[in-house]
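Asks:
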Amino acid sequence: MTDIRIAVQNGREELERGMHTLSGALQHPETAYHLPIAFALTGIAVHDADGARDAYAKAGSHPLVAAECLRAARIAGQGPDPPPYTGFVPDTVIRKLGYTLVDGSILGLALLTGTPDSPDAAAAIARELQEKYMLTFLAGPVVPILQKAGVKVGLDYRLVPLGSTPDAGVHFADILARVAMMFGGVSPGDAGRLVAYAKERARAFVVVFPGLAATDVAATDSLRDLGIPILTAGGYEGGDWIAVSSGQAVTRGMELRQIRVKVTAIPIPMACSPAFEGKSIRKEEMHVEFGGGRSPAFELLRMRPAGGVKDGLIRLIGPDAGEMKPGSAVPLGILVEVAGARMRKDFEPVLERKIHNFVNYGEGTWHVAQRNLIWVRLAKDAVAKGLRMEHLGTLIQAKFRIDFPDLLDAVQVTLITDREKVLAAEKEAEAVYRERDERVMGMKDGDVDTFYSCILCQTFAPNHVCVITPQRPALCGAISWLDGKIAYEIAPAGANQPVAKGRTIDAQRGEFEGVNEFVRKASHGEVSRCALYGIMEYPMTCCGCFECVAAVLPEVNGIMVVNREYAGDTPMGMTFSTLAGTIGGGAQTPGFAGISKGYILSERFLQAEGGIGRLVWMPRILKEELGDRLNTRLTTLGIPELLGKIADEETAPTLEQLIEFLTRREHPALSMSPLV
Amino acid sequence: MAEPSEWTGTIGRVVLGATRGEGGTRSVQYCIGGSRDLPFLPDEVPCGKRPLIAFEICDDPALWPPVVREQVGDLAGDPAAWAREAEKAYGADLVRLHLTSTHRRQVADLEGVKRTVESVLAATTLPLIIEGSGDPAIDSDVFQRCGEAGAGERLLLGTAEADRYRSIAAAALAYGHAVIAQSPIDINLAKQLNILLREIGVPADRIVIDPYTGALGYGFEYSYSVMERIRFAALKGDADLAMPVLSAAPDSLTVREVRDAAPAERQERALSWEFHAAFPAAVAGADIVCVRHPLSVKRVRDACSALSAGLKGTPAQGGG
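Protein sequences, first through last, are from chains A and B. By the working numbering, the letter at position 233 of the first sequence is numbered 233, and the numbering carries on one by one without gaps. Take any residue in the second sequence, count from 1 to its spot, add 1000: that is its number in the working numbering.
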């Protein structure tokens, strides 16, 4: 057992002594970067021992500089290792390697060094690295041991034998240094940028086998300065190396550097593409169905700690699709468990909604609604071609991994078709749904300092900017504040960007300095002020996707809301589509706003104009859709009677009838402060 | 429109082609971009001649417009000779080589692709645009070879798209070239792609925006307005859109109006169709306009010169 701390100290001293006695010319063939580590760290082009000592001093006696110089001296004295060892890798090869790294054909770099106890375990590590598109470098006795275990080495096998002795491992660092200078725009001598580049861009880790000499321990250990984690499966203790079992070394190393293998094809016996999203499976085409009021069914996505999810695990509890009676309704529980370093509990409901899309991507699977209201069907054709429940799981699992590569490290899916077990699990799910509702309901604009933008619609409404807050969903109703947040985390250059609220200009109408600034930029200078909680002054721009239009009716001192589904006339004498055509396209139209249905129930609804008490008219179908939720909202406000005072197309189809209706019912808007 | 002094942004500069002094073998180096105003206004001041006219050739003419093949005859089968002709006879500023051979299924001869690039580099001394792979599966191999073949020449490599930019970015970074970033007539996607390229390490002075240009009657007006909007955004200070613009309307010579024209009129119709996308693209601010008909080069150049001359006080001559 080697004590790392002691070895590092002894190794550093030994390297230092080596530097003192160093002599002669030092140079590597076919490179424009001299001794690359020294050159990158200090800007000194080392060609001889004195230059080496200057660079070593300038680099603060960095062990990697010493190791590089001593390695160069050793090659100068003894000649390079014979093939298959590569020794110092020339620039042209590095360019190609760097190319494959940027290009994504290799995902990261690994170094294996030392003397493995178990040839088979070492071979398993090497093969796993190959399978996971890593480019692996080898230094020291690990090379012949791997070869003896039947592993082929060479650049073509993505296993590069740098040298017969562990000191060749320093080439790993000179390769990183050159990649940083060639691809990362790091100038020689800019040590700070080199370290930053290595930490952020070079997805590299080291696995150390036993038996390294003190100098090699010291050099390897100092790779940590470049943000490179050192893992070991035994033989070392006492330092900052990460102890792992040899079976876990690759997975752990890749996790630490956030290297993720891309899933490309989903192994299921049916086509899978967004192209199938809109298809439906009619009763005659259906093999079985789940939920939809015919049997209990639910879906739930939970986040678990890293160790608690086995990526790719699909379980079925209960009968499989082939055993189900054709045409029947069967209970179903879809339980998706995910883990990921960047995953958060807040994201659960947003990801859970993706199950709907994913299941619909399958050519023979269909899905509607959410939570414990889901309704799923499997097509006869698909089941005849071999579709089973596990494939539904594989589809969901794989799509999550493909679509959220940076967020999720592991996904497992459990499908339950056993009635008793579905009912039991559904109870737990309901508790989770409740908890989530309370959390989202509880989120207030005042609790956050960042809103999110959405400019998805700028393709057709060039200057439109949606600002999404916890209490004001996007006007299309499709994107909540949490959705915006997660979308930004998933695609930092995408259509949803964080908007710092900044100083409050007017709390009542919801005008914030940061929002104004953002909107001015994102609208290409067209809109310079945006009030989030009102429609009279500086309302938000409208694209064309809004669920509803809110419009001022000056004659009754109130505001009406009309939804897209309502085809009839409004008291304004305009239909939804006429109104939409008038206010859309990215314009800011005082007195009018495009809003989501959800916003009607928000505490911030029409805050600038005095709140929901201004609401004088909305179509019956919208009232029915909001139903209980509107009732609850009004009851909370202590004005349950308001519902009966809001007119609709039957009670007040025209403005005259509206005035008459509101007066008769004593609508509060009539006595509120004048709107215009 | 805003007064010149109100613009806060400047279009970034991109340098194309390297002469012997800069480590390449080109006879000329171009600087594009640098403008601080709308195109053709007196205060625009681009850093070099604008627009540059790129003549497009290919290494497998099977999919090339018949009207061009008719004009150039055997040259179509010989990219090197064609490139030489583009420089000497047509008067192009740049040659844009489309590696159309990579559009065929199962391209085996990747080394052949590299030899083609080398032969074109040897045949012309103009800076080159190389339009790479036709198949994502071979992007990595094709761009690596193109990049390597033109190392030191400061090529402009095409074409990066939002879901397909890594190989081309890698080739640009590894071998010192610039890239064309194409988005489907959408200012936000153009911006997003530029950010993606920046994040992978491609500096802004190596990016040329191709907002995608539809042929006249086939969407050109959308392309025109997106070019305009990119220019406005850049001049208003959006650094992620402040790159020079390249415009090519490759469908101009194969639209129905050209195909169905009477044989005697077909060449003129084709020429006219290409001109009426290329010239307005230059007016919208494109720094490079690409053409395929040999006679288009002069026609577009004369029209643009007439426009510039008009600005300098001489009455504009009817272009074209």
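No residue lacks a Cβ here, since even glycine has one placed at the ideal position from N, Cα and C.
Consult DSSP for Ser1101 of chain B and reduce its assignment to one of helix, strand or coil.
Replies: In the second sequence, the residue the question calls residue 1101 of chain B occupies position 101. Reduced to three states, the DSSP call for Ser1101 of chain B is helix.
Asks: Would you give the residue range spanned by the alpha helix (DSSP H) that Glu1085 of chain B belongs to?
Replies: As a first step, residue 1085 of chain B is located in the second sequence; it is residue number 85 there, counting from the start. Looking at the DSSP string, the run of the alpha helix (DSSP H) that includes Glu1085 of chain B is 1079-1085.
Asks: Looking at chain A, which residues of the region 1144-1157 of chain B have a Cβ within less than 7 Å of any of its Cβ atoms?
Replies: Those would be Gln1144, in chain order.
Asks: Could you give the C-beta distance for Gly586 of chain A and Pro462 of chain A, rounded to a whole number, given that I count them as a contact under 8 Å?
Replies: Residue 586 of chain A sits at position 586 when you count from the first residue of the first sequence. Residue 462 of chain A sits at position 462 when you count from the first residue of the first sequence. That pair is a contact at about 6 Å.
Asks: Looking only at DSSP bridge pairs, what is His34 of chain A linked to?
Replies: Numbered from its first residue, the first sequence carries residue 34 of chain A at position 34. Bridge partners of His34 of chain A: none, in fact.
Asks: Cβ of Pro1203 of chain B less than 8 Å from any chain A Cβ?
Replies: Counted from its first residue, the second sequence places residue 1203 of chain B at position 203. Yes - at least one Cβ of chain A is within 8 Å of the one on Pro1203 of chain B.
Asks: Would Pro1315 of chain B be called buried (16 or more neighbouring beta carbons within 10 Å of its own) or exposed?
Replies: Within the second sequence, the letter at position 315 stands for residue 1315 of chain B. Low local confidence applies: a pLDDT of 40 at Pro1315 of chain B is under 50, so the model's placement there is unreliable, with the coordinate-based value given in what follows. When all chains shown are included, Pro1315 of chain B counts as exposed.
Asks: What's the gap between the Cα of Gly610 of chain A and the Cα of Val195 of chain A?
Replies: On the first sequence, residue 610 of chain A is found 610 positions in, with the first residue counted as 1. On the first sequence, residue 195 of chain A is found 195 positions in, with the first residue counted as 1. Distance between the alpha carbons of Gly610 of chain A and Val195 of chain A is about 56 Å.
Asks: Taking 8 Å as the threshold, find out whether the region 1231-1239 of chain B comes into contact with the region 1261-1280 of chain B through three or more Cβ pairs.
Replies: Because the criterion of three Cβ pairs below 8 Å is not met, the region 1231-1239 of chain B and the region 1261-1280 of chain B do not touch.
Asks: By the criterion of Cβ-Cβ separation under 8 Å, what are the contact partners of Arg257 of chain A in chain B?
Replies: Counting from one through the first sequence, the residue named residue 257 of chain A turns up at place 257. Those do not exist, as Arg257 of chain A stays about 17 Å from chain B at its closest Cβ, beyond 8 Å.
Asks: Among the residues of its own chain, which have a CB less than 7 Å from the CB of Tyr1218 of chain B, if the five just before and after it don't count?
Replies: What you label residue 1218 of chain B is simply residue 218 of the second sequence in a count that begins at 1. Excluding sequence neighbours, Tyr1218 of chain B sits near Asp1251, Val1255.
Asks: Using 10 angstroms around the beta-carbon of Gln1317 of chain B, count the other beta-carbons present and answer buried if the total reaches 16, otherwise exposed.
Replies: For the purposes of this step, residue 1317 of chain B is taken as the residue at position 317 of the second sequence. In this prediction, Gln1317 of chain B scores a pLDDT of 38, lower than 50, which makes its location untrustworthy; no coordinate-derived value is stated.
Asks: Hey, is Gln1267 of chain B's beta-carbon within less than 8 Å of any beta-carbon in chain A?
Replies: The sequence position of residue 1267 of chain B within the second sequence is 267, counting from 1. Not one chain A Cβ lies under 8 Å of Gln1267 of chain B.
Asks: What residue from B:Glu1085, B:Glu1265, B:Leu1246, B:Tyr1030 has the CA that sits closest to Val1067 of chain B's CA?
Replies: As a first step, residue 1067 of chain B must be located in the second sequence, where it is residue number 67. Nearest option by C-alpha distance: B:Glu1265.
Asks: In angstroms, rounded to a whole number, what distance separates the CA positions of Val350 of chain A and Ile75 of chain A?
Replies: Against the first sequence, residue 350 of chain A aligns to sequence position 350. Against the first sequence, residue 75 of chain A aligns to sequence position 75. Distance between the alpha carbons of Val350 of chain A and Ile75 of chain A is about 58 Å.
Asks: Select from the region 1226-1242 of chain B all residues with a C-beta closer than 7 Å to any C-beta belonging to chain A, and list them in chain order.
Replies: If the cut-off is 7 Å between Cβ atoms, the region 1226-1242 of chain B has Arg1229, Phe1232, Ala1233, Lys1236 near chain A.
Asks: For Ser969 of chain B, would you say it is in contact with chain A, using Cβ-to-Cβ distances shorter than 8 Å as the test?
Replies: Nothing in the structure corresponds to residue 969 of chain B, since chain B is present only between 1001 and 1320.
Asks: Hey, could you find the ends of the alpha helix (DSSP H) Cys1146 of chain B is sitting in?
Replies: Walking along the second sequence from the start, residue 1146 of chain B turns up at place 146. 1136-1149 is the extent of the alpha helix (DSSP H) around Cys1146 of chain B.
Asks: Quick one: Cα of Asp445 of chain A to Cα of Glu438 of chain A, how far?
Replies: Translated into the one-based positions of the first sequence, residue 445 of chain A becomes position 445. Translated into the one-based positions of the first sequence, residue 438 of chain A becomes position 438. Their Cα atoms are separated by approximately 15 Å.
Asks: Exposed or buried, Thr635 of chain A, counting other C-beta atoms within 10 Å across all chains shown (16 or more means buried)?
Replies: As a working mapping, residue 635 of chain A is identified with position 635 in the first sequence. Per the 10 Å Cβ criterion, exposed.
Asks: Per the DSSP calculation, Asp3 of chain A is bridged to which residue(s)?
Replies: Mapped onto the first sequence, residue 3 of chain A falls at position 3. BP columns for Asp3 of chain A point to A:Glu237.
Asks: Would you give the residue range spanned by the beta strand (DSSP E) that Arg1069 of chain B belongs to?
Replies: Within the second sequence, numbered from 1, the residue matching residue 1069 of chain B stands at position 69. Segment 1066-1072 is the alpha helix (DSSP H) holding Arg1069 of chain B; no beta strand (DSSP E) there.
Asks: Would you list, in sequence order, the uninterrupted alpha helix (DSSP H) runs of no fewer than 4 residues that lie entirely inside the region 557-623 of chain A?
Replies: Runs found: 576-583, 597-600.
Asks: What do you get for Ser602 of chain A, buried or exposed, if any count of 16 or more other CB atoms within 10 angstroms of its CB means buried?
Replies: Here residue 602 of chain A is taken as the residue at index 602 of the first sequence, counted from 1. Result: buried.
Asks: Looking at the strands, I want to know which residues DSSP matches up with Trp366 of chain A.
Replies: Along the first sequence, one-based indexing puts residue 366 of chain A at 366. A:Arg377, per the DSSP bridge assignment.
Asks: With respect to the beta strand (DSSP E) encompassing His356 of chain A, which residues constitute its N-terminal and C-terminal limits?
Replies: In the first sequence, counting from the first residue as 1, residue 356 of chain A sits at position 356. His356 of chain A -> not in any beta strand (DSSP E); alpha helix (DSSP H) instead, spanning 354-361.
Asks: Check the Cβ of Lys96 of chain A against every Cβ in chain B and list those closer than 9 Å, keeping chain order.
Replies: Counting from 1 along the first sequence, the entry for residue 96 of chain A is found at position 96. Within 9 Å Cβ-Cβ: Gln1144, Glu1148, Ala1174.
Asks: If you reduce the DSSP assignment to three classes, tell me which class Arg472 of chain A lands in.
Replies: If you number the first sequence from 1, residue 472 of chain A lands on position 472. DSSP places Arg472 of chain A in strand when its eight states are reduced to three.
Asks: Quick one: Cα of Ile416 of chain A to Cα of Met560 of chain A, how far?
Replies: Against the first sequence, residue 416 of chain A aligns to sequence position 416. Against the first sequence, residue 560 of chain A aligns to sequence position 560. Their Cα atoms are separated by approximately 47 Å.
Asks: Report the residue from A:Arg353, A:Arg344, A:Ile646 whose alpha carbon sits nearest the alpha carbon of Glu624 of chain A.
Replies: The residue given as residue 624 of chain A occupies position 624 in the first sequence. With distances taken between Cα atoms, Glu624 of chain A lies closest to A:Ile646.
Asks: Pull up the DSSP beta-bridge partners for Cys545 of chain A, would you.
Replies: Translated into the one-based positions of the first sequence, residue 545 of chain A becomes position 545. According to DSSP, which records beta bridges pairwise, Cys545 of chain A is partnered with nothing at all.
Asks: Locate the alpha helix (DSSP H) running through Tyr452 of chain A, then write down its first and last residues.
Replies: Here residue 452 of chain A is taken as the residue at index 452 of the first sequence, counted from 1. Note, Tyr452 of chain A: premise wrong, no alpha helix (DSSP H); beta strand (DSSP E) at 450-454.
Asks: I'd like the list of long-range same chain contacts for Gly514 of chain A, defined as Cβ closer than 8 Å, with 5 residues on each side in sequence excluded.
Replies: By 1-based counting over the first sequence, the position of residue 514 of chain A is 514. Result list for Gly514 of chain A: Val499, Ala500, Lys501, Gly502, Arg503, in chain order.
Asks: If we call anything under 8 Å between Cβ atoms a contact, is Arg1069 of chain B one with Pro1061 of chain B?
Replies: Here residue 1069 of chain B refers to the residue found at position 69 of the second sequence. Here residue 1061 of chain B refers to the residue found at position 61 of the second sequence. Cβ distance < 8 Å, so Arg1069 of chain B and Pro1061 of chain B count as in contact.
Asks: What does a CB cutoff of less than 7 Å around Val330 of chain A pick up in its chain, not counting 5 residues either side in sequence?
Replies: Within the first sequence, the letter at position 330 stands for residue 330 of chain A. Here the set comprises Val288, Phe290, Ser295, Met324, Thr417.
Asks: Where does His287 of chain A sit, in a helix, a strand or coil, going by DSSP?
Replies: Stepping through the first sequence from its first residue, residue 287 of chain A is reached at position 287. Strand, per DSSP.
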